[in-house]
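Enquirer: Numbering (my numbering), first residue to last: 12 to 882.
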């Protein structure tokens, strides 16, 4: 019997099924070939072009099968219009119709049905298309209203259908395109995009397409050049003299790197993903063949490569956009004001007197930044200067670095009364800083996946330099009044600038970066003729840049021995002041989340105590305590407290209580507790913290082993973070504990929170049931990707009377409560808690004692249980 005839619908279904299979197999084959190939820019280019051709063929077959009228055309637009397609990018197409009433989409039912069938078939075979249907006139109207549409149409490419319609569209579109308006719109759009993506190429999780230094920055250059008729490719721009042959090679190389990374990212993610998120960085790095080493993760090697490419793209984007802007706006011949025989002022931009200036006189390279600092009204470097610097990088060799003239110029830049922040940022952006300071070049683009720093090492260093510089600028005195006050009296600010430049310059080498950095700083000072006393201070600052924060945040500042040891380290008031200023600038330059007012207070307290000791006032505990008591009595009198009401409480307190608390806190405790000294119920009082951040909470209760754990458990469940805890047990057996806590809601609702804490915490402390299990809060993606190995250290203090427990781990909700539960289990007495959160890493220190600590076996069990709690 003859085979039954298939209906048109059945035939279409068979065709779609065959095309679906062919499309999937073809795409899978291309991706597999890319997966197995060496990770090179050439392999990425073959993949992108191959995928575009594969989609071209598939769309053409579907178009033919759709039986659309001859007057319609299928156009590739956007990225697909460039003839490149990433593995999981959208396929943007335009169904272009002539301006003919008989071909109007809405009026022609057959046309409408055919287009809908075509788009449905595309989705059926697995093509994720972004489609639009417009006449030529509608395209032009939409392009005038929306620069994004205008950009997509600029890159349009004919696929199939009526070619004359496409040719007519291209001709009319080119006539209507205004290069000046397009340049202005794309420049503003680029600025907005940069701000959205943190305005830096060095974001922790950069978007390799949209972030500054990403592929979009290169595309913007080609778009504005194409709109102005200057060329569509780097080679065409080179032929027009807009880029040099060297720049064209650099553009192609770095564009290839970014395309390769983005293609590998799509392949690893198995979806459209343009962000190098923590979860994927390691897998993408391994797809490149990177392996972890003793001092660097595989992901850090990948990110280092990405940041170098992104930095180069940022440089070239800036040069070319300024250059094209001059051509389009016709400002190449604007009058210029001579500054000297080497530089000119071109409408507020520093211009070199000749393109070959740096080749003729290499000393002019560093002089560029000195002249920039010294010339009022100059706000940046012109495209010509940026280009000359970019092309002069090979001139900055070892001989250039050893040149005495260049060394004097570099030191002069540091010693200028203003402009260091901008000058050094420009030097880094133009690669001059890394070429001149070879040791700095090694940390450009080096990522620190330590859950603490949120910048690459070079950006962190420049941020610290900026912070130090702001201490010396009167307009910024309101930010850190005490630092500005100290800076105003500090001679030779350049010493601090050098220390800022070198404090982390040895990161990533292995070993102690403070010691290695001090060696580099000493060598720099010797080579640059820095006076001996200043050189010694620079070396000291680099070597000890972590010391002051460690002591302030981890040790007991009421212990005279701690202060004596620190006094021996700093030795003089000048060294102390310099270290304090650098420490504040350093902590502020790690992450916006790391600094808080409480840390600022701890550092300032340590500074003031040490300064008194350096002035010859040896720590006299009795005198200090008596002064605090007198000050507290004055405070009580101001609050109309009757004389003697403090005595019942003060008689139960040890000397250590008065040594650890300031007069204001002592008075507050006395006012709050004078009626409750012998109470059987817990007393909780709270107030906005005098430091200006969060709440200060007082807990007075009959002591018991699980008290600290219950307090931590309440704060954990209520969403508070504990910054500091001062624990004291009275002679009468009462716990008198003071906590500094913060909450996301404390700033605007502190009155409500005070009443809430005072009521709820009392109820939590009256609970006599078993301690509840700690909540297992969600870990951030960053902590999951870069976990901190938990560490527990238990050692006796210098007098062997108490023990110092140090804990380091990734931060998470309920962590402190988990530690407190273990301490309660072993009946450990807690005397002091220093809770330090560094980004998403915690480093907590506890001063403890208890019978369990006298036995080695129990110590090991305690440490093991703490590690289990931290894991």
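From the three backbone atoms N, C-alpha and C, an ideal C-beta is built for every residue, glycine too.
Going by DSSP, which residues form a beta bridge with residue 724?
Expert: Counted from its first residue, the chain shown places residue 724 at position 713. According to DSSP, which records beta bridges pairwise, residue 724 is partnered with nothing at all.
Enquirer: Once DSSP output is grouped into helix, strand and coil, what is the label at residue 19?
Expert: Taking the chain shown and counting its residues from 1, the one referred to as residue 19 is at position 8. With a pLDDT of only 45 at residue 19, under the threshold of 50, the placement of this residue in the model should not be trusted; the figure read from the coordinates follows. Looking at residue 19 - three-state DSSP - the assignment turns out to be helix.
Enquirer: Near residue 855, what residues of its chain come up, given a Cβ to Cβ distance below 6 Å and the 5 sequence neighbours on each side ignored?
Expert: Reading the chain shown from its first residue, position 844 is the one you call residue 855. Excluding sequence neighbours, residue 855 sits near 818, 846.
Enquirer: Could you give the uninterrupted runs of the beta strand (DSSP E) lying entirely in the segment 87-143, keeping only those of 3 residues or more?
Expert: If we require 3 residues or more, the beta strand (DSSP E) runs fully inside the segment 87-143 come out as 102-108.
Enquirer: Should residue 234 be labelled buried (16 or more other beta-carbon atoms within 10 Å of its own) or exposed?
Expert: Here residue 234 refers to the residue found at position 223 of the chain shown. Buried.
Enquirer: Between which two residues does the beta strand (DSSP E) harbouring residue 746 extend?
Expert: Reading the chain shown from its first residue, position 735 is the one you call residue 746. 745-753 is the extent of the beta strand (DSSP E) around residue 746.
Enquirer: Along the chain, which unbroken stretches of the alpha helix (DSSP H) at least 4 residues long are found entirely within the segment 478-549?
Expert: The qualifying runs are 492-499, 505-513, 524-538.
Enquirer: Whole angstroms is fine: what's the gap from residue 312's alpha carbon to residue 672's?
Expert: Indexing the chain shown from 1 puts residue 312 at position 301. Indexing the chain shown from 1 puts residue 672 at position 661. Straight-line Cα distance between these residues: approximately 48 Å.
Enquirer: Do residue 568 and residue 581 have their C-beta atoms within less than 8 Å of each other?
Expert: Here residue 568 refers to the residue found at position 557 when the chain shown is read from its first residue. Here residue 581 refers to the residue found at position 570 when the chain shown is read from its first residue. Contact flag unset, no.
Enquirer: Mapping DSSP to helix, strand and coil, what is residue 690?
Expert: Here the question's residue 690 lines up with position 679 in the chain shown. Looking at residue 690 - three-state DSSP - the assignment turns out to be coil, as it is neither helix nor strand.
Enquirer: Could you give the first and the last residue of the continuous alpha helix (DSSP H) run that contains residue 592?
Expert: What you label residue 592 is simply residue 581 of the chain shown in a count that begins at 1. Where residue 592 is concerned, the enclosing alpha helix (DSSP H) stretches over 584-599.
Enquirer: Compare the C-alpha of residue 341 against each of 191, 584, 399, 400 and name the closest.
Expert: Taking the chain shown and counting its residues from 1, one reaches residue 341 at position 330. Minimum Cα distance to residue 341 is reached at 191.
Enquirer: Which same chain residues, not among the five before or five after residue 842, have their C-beta less than 6 Å away from its C-beta?
Expert: Position 831 of the chain shown, counting from 1, holds the residue named residue 842. So the qualifying residues of the chain are 738, 858.
Enquirer: At what residues does the alpha helix (DSSP H) containing residue 859 begin and finish?
Expert: Within the chain shown, residue 859 is the residue found at index 848, counting from 1. Counting along the chain, residue 859 falls outside any alpha helix (DSSP H), though it belongs to the beta strand (DSSP E) covering 852-860.
Enquirer: Find the nearest neighbour of residue 438 within the set 58, 407, 416, 707, judged by alpha-carbon distance.
Expert: Counted from its first residue, the chain shown places residue 438 at position 427. Looking at the Cα atoms, 407 is the closest of the given residues.
Enquirer: Within 10 angstroms of its Cβ, does residue 830 collect 16 or more other Cβ (buried), or is it exposed?
Expert: Within the chain shown, the letter at position 819 stands for residue 830. Buried is the call here.
Enquirer: When the distance is taken between beta carbons, is residue 430 closer than 8 Å to residue 388?
Expert: Position 377 of the chain shown, counted from the first residue, corresponds to residue 388. Position 419 of the chain shown, counted from the first residue, corresponds to residue 430. No, Cβ-Cβ distance for residue 388 and residue 430 is not below 8 Å.
Enquirer: Fully enclosed by the segment 345-394, which beta strand (DSSP E) runs are 3 residues long or longer?
Expert: Fully enclosed beta strand (DSSP E) runs of 3 or longer: 354-357, 360-363.
Enquirer: Can you give me the C-alpha to C-alpha distance between residue 33 and residue 59, rounded to a whole angstrom?
Expert: Looking up residue 33 in the chain shown gives position 22. Looking up residue 59 in the chain shown gives position 48. Approximately 18 Å, taken between the alpha carbons.
Enquirer: What separation, rounded to the nearest whole angstrom, lies between the Cα atoms of residue 139 and residue 395?
Expert: Residue mapping note: residue 139 aligns to position 128 of the chain shown, counting from 1. Residue mapping note: residue 395 aligns to position 384 of the chain shown, counting from 1. Distance between the alpha carbons of residue 139 and residue 395: 44 Å.
Enquirer: Would the segment 154-170 and the segment 81-89 be scored as touching if the rule is three or more Cβ pairs under 8 Å?
Expert: The segment 154-170 is in contact with the segment 81-89.
Enquirer: So, for residue 695: in the same chain, excluding its five sequence neighbours on each side, which residues have a beta-carbon less than 6 Å away from its beta-carbon?
Expert: As a first step, residue 695 is located in the chain shown; it is residue number 684 there, counting from the start. The answer, listed in chain order, is 710, 769, 772, 773.
Enquirer: Counting pairs of beta carbons, one from the segment 265-277 and one from the segment 41-57, are three or more of them closer than 8 Å?
Expert: Segments in contact, yes.
Enquirer: Per the DSSP calculation, residue 840 is bridged to which residue(s)?
Expert: For the purposes of this step, residue 840 is taken as residue 829 along the chain shown, with counting starting at 1. 860.
Enquirer: Helix, strand or coil, according to DSSP, for residue 42 in the structure here?
Expert: Counted from its first residue, the chain shown places residue 42 at position 31. Residue 42: helix per DSSP, three-state reduction.
Enquirer: To the nearest angstrom, how far is the alpha carbon of residue 29 from that of residue 66?
Expert: For the purposes of this step, residue 29 is taken as residue 18 along the chain shown, with counting starting at 1. For the purposes of this step, residue 66 is taken as residue 55 along the chain shown, with counting starting at 1. Residue 29 and residue 66: Cα-Cα distance of roughly 15 Å.
Enquirer: Taking the alpha-carbon positions, what's the residue 378 to residue 106 distance?
Expert: In the chain shown, counting from the first residue as 1, residue 378 sits at position 367. In the chain shown, counting from the first residue as 1, residue 106 sits at position 95. Cα to Cα, residue 378 sits roughly 57 Å from residue 106.
Enquirer: Give me the residue from 75, 349, 862, 527 with the minimum Cα distance to residue 517.
Expert: Taking the first residue of the chain shown as position 1, residue 517 is located at position 506. That would be 527, whose Cα lies nearest to the Cα of residue 517.
Enquirer: Exposed or buried, residue 592, counting other C-beta atoms within 10 Å across all chains shown (16 or more means buried)?
Expert: Numbered from its first residue, the chain shown carries residue 592 at position 581. Looking at its Cβ environment, which holds 16 or more other Cβ atoms inside 10 Å, residue 592 is buried.
Enquirer: Going by C-alpha to C-alpha distance, which of 193, 135, 76 sits closest to residue 154?
Expert: The residue you call residue 154 lines up with position 143 of the chain shown. Nearest option by C-alpha distance: 193.
Enquirer: Taking DSSP as the reference, what is the three-state secondary structure of residue 739?
Expert: Residue numbering aside, residue 739 sits at position 728 when the chain shown is read from its first letter. Correct three-state label for residue 739: strand.
Enquirer: Does the Cβ of residue 326 have 16 or more other Cβ atoms within 10 Å, making it buried, or fewer, making it exposed?
Expert: Taking the first residue of the chain shown as 1, we reach residue 326 at position 315. Residue 326 should be labelled buried.
Enquirer: Which of helix, strand or coil does DSSP assign to residue 171?
Expert: Position 160 of the chain shown, counted from the first residue, corresponds to residue 171. It is a strand residue.
Enquirer: Tell me whether residue 416 is buried or exposed, calling it buried when 16 or more other Cβ atoms sit within 10 Å of its Cβ.
Expert: Residue numbering aside, residue 416 sits at position 405 when the chain shown is read from its first letter. Counting Cβ neighbours within 10 Å, residue 416 comes out exposed, since fewer than 16 surround it.
Enquirer: Determine the closest residue to residue 301 out of 352, 70, 49, 656, with distance taken between C-alpha atoms.
Expert: To locate residue 301, count along the chain shown from 1; it is residue 290. It is 49.
Enquirer: Determine the DSSP secondary structure at residue 271, reduced to helix, strand or coil.
Expert: Walking along the chain shown from the start, residue 271 turns up at place 260. In the structure shown, residue 271 sits in a helix (DSSP, three-state: H, G or I).
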